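Have a look at the structure below before the remarks.
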Amino acid sequence: MRRCERFICISVCVLPLVSWSTANSRPRPPRELLIASLSDIVFQWSYLTESELGVIVTTYSGTGLFEFPKGTRLGYLYAAKPVFGCARGFDTLVTEFGQFPWLGAFASFEGVSYSHIEHRSTKHSSPNYSPDAVADLELTISLSDTAVLTSRELDPVDFRPHAPIGLGARQTVRLWARAYLQRVVFVDYVFWNLGSEPVIDGAVGIAIDPSPLWIAEDVPYSYWPPPGSYPIHSYNEITGFMKNAPGLIDGTTEPINMSWFADNDGDPEGAPAVFTDRSPTGVMGVRILQRPTGGCHSHNWWAFQNATPGFIYVNWGPRHRINQGGFYGSLGYPKGDRSIYKMMRNCEIDFDQVRTALGDYVDEGWSDPPQEEIAKDIATGINIYSLLSVGPLDPIPPGDSIQFTVAFIAGADFHRYPDNFARNFDPYNPQPYIDRLDFSDLIKNARWAAWVFDNPGVDTDGDGYRGEAHLINCVDGRCDSVFYTGDGVPDWRGPGPPESSPFELTSGERWITLRWSGEFSELQVDPLSGQRDFEGFRVYTGRFERDDQYSLIASWDVEDFKRFAWIPKEGKWLQISHPATIPVWRRMLNDPEFHPGDYTTPSFELAYRDTVLDTVLSATGQIIRIDQRERYSYWVREDYNRGNEYDDNGQWVQNAIQRVAVRDTIVGEDTLSYGVYEVTIDNLNPAVPLYFAVTAFDFGNYEVDLEPLESSPSNNSQYAHPIYSTDVVVDSGLRVSVYPNPYKVVYDGGDGERTTYYREGYEGRGIYQFEEQDRRIWFVNLPVKATIRIFSLDGDLIRTINHPDPFLTKYPSAVGWDLVSRNIQAVTSGIYIWRVDSELGTQTGKLVIIK
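For the sequence shown, my numbering gives the first residue as 37, with consecutive numbering after it.
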């Protein structure tokens, strides 16, 4: 049965792979399985590849999973793949790029990959950093449909093997680690014409086989479970299409054009019903972000279910009457290239699945509903398929290309009420059930996907068009614009934290000083909000150059406060302003004595009161009326308000970070100020080199539910010993120091337990297996060049080190001895003589090793 076969590939794969020889053959076991954590979604890549941190699960089996939230084994997609069709003389050709049997065995191997996956990243710390990347992680593969022997089956209508269109394609998956994009996976396609003739009346789309369900822990993601192990509830799929969503401005709507897929009830358990960690309560959306010129948007779905015990045979989907002609087979599965191509360019947005039994759509020009029993089954939830497409397209000349971009989007808490389906669903009156479904998280994430792809209000190509906007606060014919679309030109840029400022680092024995100018960070403008949203700086230190290994040392942020107000319509206190400083609030409220600290409680009795005018808009953004009401407000500080001094539980504390100067600069017609900052970190162990980092963070954007963002420590770090630098050594004529001295293989730690330098992190950092040559005795206060010789008490030369030695140091004024002799043997316990020859002369001393 079709659904028993489905569970074998817990799949997402929008990526093609050759792993089946026939439709029923068993795939090879996975050669590797990689799971990482760039986002809240596990998006599986159906191709063998190398490892990189990301949200990719990689197997050879060609299977995948849109798992959300990550780590729950709740999947929402069996498979998805790109499809391209065109007219060719009196024939129509379709290439399905992928291997899962969407239309039976014929669907396999029409478009195949011919390259390894290319990894790219915008992160400087990544081994795959590329200045051409736009996302935190990008995976790209090249495809072609020009092979003619890849499909072993004949077209079920034309009875011919796969006929290539002559296409090349490049598929790129893009992922961001930022919180507002952790539920979005972008898939970007470029198709180009490899032939010598134009591609006429093309159509491009994504074929989707959803599968919202929980996968039992004893079923590996990459293997076929035994027949019959697929849960029955996985049949209960529902789908729909959202044309518009509530706008950012009350009373308005904005186009969203997104297909969505979910389980019909979220699989509650028990009596009374409750959701458990096995309940797929979320929803998956698929949104076309960029489409080629020409054609129109189509969303087609159909139900398919084999006639197995307990189930009736179903093969039906909505069809508008004007699109029924020329279809082969039933109203369900599009049979053969001709039917697929016709569906891809039918400009049809199918009605939502839950309406199937109503029949009210017949008066809108749709075909008659199926027989009553089948209509009820479909409306209630069943095994479904979908095709999102655009066509017919403008001709594609030889050598030319088109772009097609989609976003796979996860939405949380689509099902909030475990009893909603049981209590409220009626196939002849589904509206009460629909009213209790929650699309808000899906809409929010879909909005972010569109905004990052094409920044609203940004004229990227310079033609004067900035996108569509709502008009608000209209006074005397002048209005503020709130943009909700971009100019149609991809930006691939989202709101990010302020770029951290480069810093100067000086060092001495047991201390490090960092100094930087805030100009670079404080004056930046956020690309989406258009405002300077800088909030503060943070200083970190760590033994490894990884974000999760840094420890916060100190923070400095602007003394500012954000305003909350009671919103009667919502029945709760909500933030209504970005943070502002006390002088700014005094000017805004025209009250020279105002202090936000006097109003910090969400209470009607203690709140600040003023009068506000509410502008009521129509759905098109026109002003209907203006209402006057009394407003209650209170203020909350943004971050900790830690300036040079700050209040810590009633005591004023000197901040480690000091704003030591304020400077002015001219930006456009404005005079803006920024600071110069300095922090000294002392009482450091001179034996332990560290990474030091400065980050910058902003105050987020409450209007679009965006949390404060902070730059990465590893993107702005320096490696340093808490020892004097070479110029200080030369200028001051400092003597060489040696430590640890004595060197003890084992010693008593702070807790009284026996420990080692390796265990405490003083040597061998980052290695998995400590070896003898990983030991270190450090010689510090060296000039740029020096020669260190180590002798036994008898005067025998034990080792010569020519500083700098790339294997024994990363710092100009220090070098380590690995306690290995010139004969590559570990030295024994004892007293040794050292001598350093440099431009400063000759210095000698003793060191002790205790093993």
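Every residue, glycine too, gets a C-beta built ideally from N, C-alpha and C.
Remember, predicted model here, so these are calculated numbers, not experimental data.
Please go through the same chain and pick out, in chain order, the residues whose beta-carbon is closer than 6 Å to the beta-carbon of residue 329, but skip the five residues on each side of it. Residue 329 sits at position 293 when you count from the first residue of the sequence shown. Taken in chain order, the residues that qualify are 430.
- Kindly give me the distance between the Cβ atoms of residue 478 and residue 319, rounded to whole angstroms, as I take these residues to be in contact under 8 Å. Here the question's residue 478 lines up with position 442 in the sequence shown. Here the question's residue 319 lines up with position 283 in the sequence shown. Contact flag correct, Cβ pair sits at about 5 Å.
Near residue 812, which residues of its chain fall below 6 Å by C-beta distance, leaving aside the five closest residues on each side in sequence? Position 776 of the sequence shown, counted from the start, is the residue given in the question as residue 812. Around residue 812: 799 and 852.
Buried or exposed, going by whether 16 or more other CB atoms sit within 10 Å of the CB of residue 578?
Walking along the sequence shown from the start, residue 578 turns up at place 542. Its Cβ being crowded by 16 or more others within 10 Å, residue 578 is buried.
- Message: If I follow the unbroken alpha helix (DSSP H) through residue 411, where does it start and stop?
- Response: Here residue 411 is taken as the residue at index 375 of the sequence shown, counted from 1. First-last of the alpha helix (DSSP H) with residue 411: 408–416.
query: Residue ranges of each beta strand (DSSP E) run of no fewer than 3 residues wholly in the region 806–845, ordered along the chain?
result: 813–816, 822–828 and 833–839
TODO: Run the CB neighbour count on residue 573, radius 10 Å, all protein chains shown included, and call it buried at 16 or more, exposed below.
DONE: For the purposes of this step, residue 573 is taken as residue 537 along the sequence shown, with counting starting at 1. Flag for residue 573 reads buried.
* If we ignore side chains and look at the alpha-carbon of each, how far apart do residue 746 and residue 214 end up? -> For the purposes of this step, residue 746 is taken as residue 710 along the sequence shown, with counting starting at 1. For the purposes of this step, residue 214 is taken as residue 178 along the sequence shown, with counting starting at 1. When rounded, the distance between both Cα atoms is 10 Å.
Option nearest residue 615 by Cα separation, candidates 702, 196 and 739
Counting from one through the sequence shown, the residue named residue 615 turns up at place 579. That would be 739, whose Cα lies nearest to the Cα of residue 615.
Measure from the alpha carbon of residue 592 to the alpha carbon of each residue in 538, 648, 606 and 682, then state which is nearest.
Start at 1 with the first residue of the sequence shown, and residue 592 comes out as number 556. Looking at the Cα atoms, 682 is the closest of the given residues.
query = Applying the criterion that 16 or more other CB atoms from any shown protein chain within 10 Å of the CB defines a buried residue, is residue 833 buried or exposed?
reply = For the purposes of this step, residue 833 is identified with residue 797 of the sequence shown, where counting begins at 1. Its Cβ having fewer than 16 others within 10 Å, residue 833 is exposed.
Going by beta carbon distance, what residues of the same chain come within less than 7 Å of residue 502, once the five residues before and after it are set aside? Position 466 of the sequence shown holds residue 502. Answer for residue 502: 493, 494, 495, 519 and 523, listed in chain order.
Bridge partners for residue 172 per DSSP, in chain order?
Counted from its first residue, the sequence shown places residue 172 at position 136. For residue 172, which the question treats as bridged, DSSP gives no partner whatsoever.
Practice prompt. Decide if the region 374–389 is in contact with the region 331–344; the criterion is three or more beta carbon pairs, one per stretch, under 8 Å apart.
Written response: Touching, per the Cβ criterion.
Practice prompt. Take residue 150 and list the residues in its own chain whose beta-carbon comes closer than 8 Å to its own, dropping the five residues that flank it on each side.
Written response: Along the sequence shown, one-based indexing puts residue 150 at 114. Here the set comprises 178, 179 and 180.
Between the Cα of residue 850 and those of 821, 856 and 860, spot the shortest distance and give me the residue it belongs to.
-> The residue you call residue 850 lines up with position 814 of the sequence shown. Out of 821, 856 and 860, 821 has the C-alpha closest to the C-alpha of residue 850.
Given a cut-off of 9 Å on the beta-carbon distance, is the pair residue 772 and residue 808 in contact? By 1-based counting over the sequence shown, the position of residue 772 is 736. By 1-based counting over the sequence shown, the position of residue 808 is 772. No; because the gap between Cβ atoms is not below 9 Å, this pair is not in contact.
When you compare only the Cα positions, how much space is there between residue 231 and residue 123? As a working mapping, residue 231 is identified with position 195 in the sequence shown. As a working mapping, residue 123 is identified with position 87 in the sequence shown. Put simply, the backbone Cα of residue 231 is about 14 Å away from that of residue 123.
(request) Give every residue of the same chain whose Cβ lies closer than 6 Å to the Cβ of residue 664, excluding the five residues on either side of it in the sequence, and list them in chain order. (result) As a first step, residue 664 must be located in the sequence shown, where it is residue number 628. Hits under 6 Å: 649.
Within this structure, are the beta carbons of residue 778 and residue 546 separated by less than 9 Å? In the sequence shown, counting from the first residue as 1, residue 778 sits at position 742. In the sequence shown, counting from the first residue as 1, residue 546 sits at position 510. Cβ distance not < 9 Å, so residue 778 and residue 546 don't count as in contact.
Using a Cβ-Cβ cutoff of less than 7 Å, which residues in the same chain neighbour residue 760 once the five nearest sequence positions on both sides are dropped? Counting from 1 along the sequence shown, the entry for residue 760 is found at position 724. Answer for residue 760: 543, 544, 545, 770, 817 and 849, listed in chain order.
(Q) Using 8 Å for Cβ pairs, my map puts residue 450 next to residue 473. What's the rounded Cβ distance? (A) In the sequence shown, residue 450 corresponds to position 414, counting from 1. In the sequence shown, residue 473 corresponds to position 437, counting from 1. Rounded, the Cβ-Cβ distance is 6 Å, consistent with contact.
Residue 396, DSSP secondary structure in three states:
For the purposes of this step, residue 396 is taken as residue 360 along the sequence shown, with counting starting at 1. Residue 396: helix per DSSP, three-state reduction.
Point to revise | residue 195 classed as buried or exposed, judged by whether at least 16 other C-beta atoms fall within 10 angstroms | key: Translated into the one-based positions of the sequence shown, residue 195 becomes position 159. Exposed, by the Cβ-count rule.
Handout entry: Segments of 3+ residues assigned as beta strand (DSSP E) that fall wholly inside the region 745–773
Key = 753–756
TODO: With a cut-off of 8 Å on the beta carbons, I'd call residue 381 and residue 239 a contact; round off their distance for me.
DONE: Working through the sequence shown from its first residue, we reach residue 381 at position 345. Working through the sequence shown from its first residue, we reach residue 239 at position 203. Indeed, because the Cβ distance is near 5 Å, the residues count as touching under 8 Å.
* What is the residue span of the alpha helix (DSSP H) that residue 372 lies within? -> Stepping through the sequence shown from its first residue, residue 372 is reached at position 336. Looking at the DSSP string, the run of the alpha helix (DSSP H) that includes residue 372 is 372–380.
Test: residue 595 CB closer than 9 Å to a CB of chain D | The structure shown contains no chain D; it is built from a single protein chain.
Next on the checklist: So, with DSSP's three-state summary, where would you put residue 213?
Outcome noted: Position 177 of the sequence shown, counted from the start, is the residue given in the question as residue 213. The answer is coil: DSSP assigns residue 213 none of H, G, I, E or B.
Buried versus exposed, by CB contacts within 10 Å (16 or more), residue 273: Sequence index remark: in the sequence shown, residue 273 carries index 237 (1-based). Buried, by the Cβ-count rule.
### Message
Check this for me: beta carbons of residue 368 and residue 351, under 9 Å apart or not?
### Response
Taking the sequence shown and counting its residues from 1, the one referred to as residue 368 is at position 332. Taking the sequence shown and counting its residues from 1, the one referred to as residue 351 is at position 315. Contact: yes.
Considering Cα atoms alone, identify which of 669, 865, 582 and 549 is closest to residue 646. Position 610 of the sequence shown, counted from the start, is the residue given in the question as residue 646. Selected option, being the one with the closest Cα: 669.
By how many angstroms is the C-alpha of residue 603 removed from the C-alpha of residue 638?
Against the sequence shown, residue 638 aligns to sequence position 602. Against the sequence shown, residue 603 aligns to sequence position 567. Spanning the two alpha carbons is a distance of roughly 12 Å.
If you measure between the beta carbons of residue 600 and residue 618, is that distance less than 9 Å? As a first step, residue 600 must be located in the sequence shown, where it is residue number 564. As a first step, residue 618 must be located in the sequence shown, where it is residue number 582. Contact flag unset, no.
Inset, instruction - With residue 291 as the anchor, note down where its beta strand (DSSP E) starts and where it stops. - result: Within the sequence shown, the letter at position 255 stands for residue 291. Note, residue 291: beta strand (DSSP E), 289–299.
If residue 316 and residue 390 are in contact, beta carbons under 8 Å, what's the gap, nearest whole angstrom?
-> Mapped onto the sequence shown, residue 316 falls at position 280. Mapped onto the sequence shown, residue 390 falls at position 354. Between residue 390 and residue 316 the Cβ distance is about 17 Å, and since that is not below 8 Å, they are no contact.
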